[in-house]
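Following my numbering, the numbering of the sequence shown begins with 3 at its first residue and continues without gaps. Even glycine gets a Cβ: it sits at the ideal position worked out from N, Cα and C. The structure presented is a predicted model; accordingly, all values stated were derived computationally and were not measured.
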Amino acid sequence: MTRILSGIQPSGQIHLGNYLGAIKNWVEEQETAESFYTVVDLHAITVEHNPEALRRSTQELVMGLFALGLDQSKSKTFLQSHVAQHCQLSWLMECTVTFGELNRMTQFKDKGKGDEKVRAGLFTYPALMVADILLYQADKVPVGDDQKQHLELARTAAQRFNNAYGDVFVVPSPMIPSIGARVMDLQDPTRKMSKSSASDAGLIYVFEEPESIQKKLRKAVTDAEGRVEYEPNIPERAGVNNLLEIYSAIDGRSPTEIASEYTSYGSLKSDLSEVVISHLAPFRKRYHEYLTDPSELGRQLKIGSDAAQEVAQKTLESAMSAIGFLKPIP
Ligand code: AQP
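Structure representation (structure tokens):
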């Protein structure tokens, strides 16, 4: 059976990029694959953070994932900080990847380079991400296109470790959806939709009020061309291409086919609003039901971390033994 691992940061509310690029696939994959999904809270402290806000967004994110369809009887969802093996394997991975590899990671370049006060964890976190993936011996990692670089590092580290110390790790492959892999910001369609954007005018949150979704889509940046056509290779048309791709990722038809039905941006935006709002409606309802009973959350998370620890411990022991550490007496 294929094993899958993927993760999401509790750094803000779930947006359409997270959903179409990753979570929608997670929900589908849990039907056929052995799937582990982790809320990577350890990664959320690589930049300045507020402890109370972290607690709140972790809780909201977990409720969100269950509301979107993750189900502990089909897959296992857990908090990264509840499985100590992540930190333990991370050290071995810091001693497997190189300074040069970490230095080339775009996140560090974007968020931290040149700032002496930046947390050291922001530089080394890709090694933790490698550990997150390799601990579960995952064959496949469903992610958005923005995570390709991290996946590549996990593959390099697995191969390097296996060549040096013996076959311990499965070398994972990325699973990137053909449509929805990179949802762009509605106000700046040259940038990906991101939780940490300065303004939320370009983001659609999956549990957002319908009126607000409608307003944001109505104001989405397009261009002066006035033609509804899908032209993914023309950067100036990024706004319209993005709207058509969002539509396609939900509706299932190709962006070109959808475009052929419209002659104005106004009607495209208005129909897209309806498609998005009605797709998200059942999730919003379930999310609000969870909000009234958050006590169940801890129990659900324990089911996930127990299952995760079992797999993670086996991998950790193999890796520690292969690298040359003595086995402790049980
Ligand atoms: N815009 C996007 N389009 C498609 N997929 C996306 N993902 C994120 N943004 C987009 C995918 O969502 C999963 C979880 O993402 P994450 O929160 O762990 O990582 P991220 O890429 O750092 O997401 P954000 O929203 O940009 O968060 P911040 O602002 O905190 O860095 C991943 O599979 C990712 O590919």
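Spatial distance of residue i from residue j (CA atoms)
i, j, result
"D295", "G23", "28 Å"
"N27", "G71", "11 Å"
"Y289", "P330", "45 Å"
"G241", "R220", "12 Å"
"D117", "S198", "18 Å"
"I181", "S323", "42 Å"
"A140", "S269", "43 Å"
"M186", "T192", "7 Å"
"A166", "H84", "30 Å"
"S307", "S8", "14 Å"
"N164", "F171", "7 Å"
"S92", "K316", "15 Å"
"G228", "P257", "17 Å"
"T342", "T158", "Nothing can be reported for residue 342: it is not among the residues displayed for the chain, which extend from 3 to 332."
"K217", "G19", "18 Å"
Any non-hydrogen atom of the ligand AQP within 7 Å of residue i CB
i, result
"R121", "no"
"K142", "no"
"S77", "no"
"Q149", "yes"
"S59", "no"
"A203", "no"
"S13", "yes"
"L282", "no"
"I10", "yes"
"M65", "no"
"V145", "yes"
"A86", "no"
"N52", "no"
"K194", "yes"
"R106", "no"
"K26", "no"
"A183", "yes"
"H290", "no"
"N20", "yes"
"S198", "yes"
"G23", "yes"
According to DSSP, residues forming a beta bridge with residue i
i, result
"Y138", "Bridge partners of Y138: none, in fact."
"T40", "G9, F80"
"V143", "P176"
"Y207", "H17"
"K194", "M186"
Nearest-angstrom Cβ-Cβ length linking residue i and residue j, presumed shorter than 8 Å
i, j, result
"L63", "P12", "5 Å"
"G102", "T48", "With 8 Å as the limit, G102 and T48 do not qualify as a contact, their Cβ atoms being about 20 Å apart."
"L44", "Q82", "5 Å"
"I135", "P176", "Not quite, the Cβ-Cβ distance comes to about 10 Å (not below 8 Å), so this is no contact."
"V230", "A261", "5 Å"
"V223", "L188", "7 Å"
"H17", "I206", "6 Å"
"L282", "L245", "With 8 Å as the limit, L282 and L245 do not qualify as a contact, their Cβ atoms being about 16 Å apart."
"I25", "L56", "20 Å between Cβ atoms; not a contact."
"K142", "I6", "5 Å"
"F125", "L94", "Not confirmed; about 17 Å, so no contact."
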